Every structure is written in C-alpha cells, then in structure tokens.
Amino acid sequence: MKKLLSFFAFLFLAGLITAQSAQEYKIIVHNENTKTQLTSKEIENIFLKKLTHWDDGTKIMPVDQVSDAPVRERFTNGIFNKSISAIKAYWQKQIFTGKATPPVEKSSDQDVLEYVKSNPGAIGYISASSGASGAKVLTIIK
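Heads up: the sequence shown begins at 76 in the working numbering, then just goes up one per residue.
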C-alpha cells in the first residue's frame, strides 16, 4: 500500500512539473497577427528561419533573447530540445554558407515585447510571468 501511495505521489508531482515547464515562457506576436496557435515544430521552423512568411504574406520577424537570459534557455530546450550552443552552431553554419542570419536579439522581456508591438510580422517569447499588454499570446501545440 505504501509503495502504491508513493507511486501515485510521484505521478502527481511529475504532472505538476510537466505543467509547470509548459508555462515557463509564452510566445507573443503582433496584435494584428491572425494566428492564435502554433505547433512547436512551426515555432522551431520560424526561429530557424525555415518558415519565413505568415499566411497573409507578411515577412516573419523572429526575435530572440540574449544567450544568458534564463528564458532563452527554457525556450531553446522546450522548442528545439537542444542547447543554446547547438543552436548557435547552427547559426554559425548558416552565416558561413551565406544562407541566413540569426534572429535579432533583445536583452529583456520588455525589449522583446516592444519589438513585437512595433513590427507586424514579429514573433518572440517572454517569461510566463511577464505581462504581454499590447501583444497577442499564442497557444503552443506540442
């Protein structure tokens, strides 16, 4: 009986941890963007610049946070399932071969929010605890 209770307690805590990790950041876009949700794969393709235009033809403008921002690590692990250094290596190759340049980087949630509010094609991520007033928060489909 004690083992059974321990097992259920473990499952409960695992569920809380999973739910918490899903809420560590939020994806934001310009208020006029018609999207309400994106899959993790779509977000990955946007931030790797493999997907370059929204459905209406607007150029997608992804904005990253600086490498040492805690939310960037959570976003990178959550979306790419890779380290920041692995993503930086990808971008070094893209730059070296002349294929693409990495997304613009901003130093804070507030800077990302301002960038997104000012650019109709922009998409970024901020900490789950940050306000997103003036931008639209998208649902992430895993």
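We treat Cβ as the ideally placed atom computed from N, Cα and C, and that holds for glycine.
Quick caveat, the model's predicted, so the values are computed rather than measured.
Using CA coordinates, which residue listed in T176, A175 and Y190 is at the minimum distance from S182?
-> Numbered from its first residue, the sequence shown carries residue 182 at position 107. Residue Y190 is the option with its Cα nearest to S182.
Check whether the Cβ atoms of D31 and S205 lie closer than 8 Å to each other.
-> Since the displayed the chain opens at 76 and closes at 217, residue 31 lies outside it and no answer follows.
From this set, Q112, D143 and V141, which residue's C-alpha is nearest D130's C-alpha?
-> Residue numbering aside, residue 130 sits at position 55 when the sequence shown is read from its first letter. The residue with the shortest Cα to Cα distance from D130 is Q112.
Can you tell me the Cα-Cα spacing of W166 and T151, whole angstroms?
-> The residue you call residue 166 lines up with position 91 of the sequence shown. The residue you call residue 151 lines up with position 76 of the sequence shown. Answer to the nearest angstrom: the Cα atoms are 14 Å apart.
Quick one: residues in its chain with C-beta nearer than 7 Å to the C-beta of L126, no 5 flanking neighbours on either side, listed in chain order?
-> As a position in the sequence shown, residue 126 is number 51, starting the count at 1. So the qualifying residues of the chain are E117, N120 and I135.
Quick one: complete beta strand (DSSP E) runs, 3+ long, within the segment 112–190?
-> 112–114, 136–140 and 179–181
State the DSSP-derived secondary structure class of K101, mapped to helix, strand or coil.
-> What you label residue 101 is simply residue 26 of the sequence shown in a count that begins at 1. Strand.
Whose CA, out of A203, A210 and S202, lies closest to the CA of G196?
-> Position 121 of the sequence shown holds residue 196. Nearest of A203, A210 and S202 to G196, Cα basis: A210.
Out of K110, A161 and Q169, state which residue places its alpha-carbon closest to the alpha-carbon of G132.
-> Counting from one through the sequence shown, the residue named residue 132 turns up at place 57. Among K110, A161 and Q169, the Cα nearest to that of G132 is on K110.
How long is the line joining the alpha carbons of A164 and G199, rounded to whole angstroms?
-> Residue 164 sits at position 89 when you count from the first residue of the sequence shown. Residue 199 sits at position 124 when you count from the first residue of the sequence shown. If I take the Cα positions, the gap works out to 21 Å.
Length of the line joining the Cα atoms of V179 and I159 | By one-based count along the sequence shown, residue 179 stands at place 104. By one-based count along the sequence shown, residue 159 stands at place 84. V179 and I159: Cα-Cα distance of roughly 15 Å.
What are the boundary residues of the beta strand (DSSP E) that includes K211?
-> The residue you call residue 211 lines up with position 136 of the sequence shown. Per DSSP, K211 belongs to the beta strand (DSSP E) from A210 to I216.
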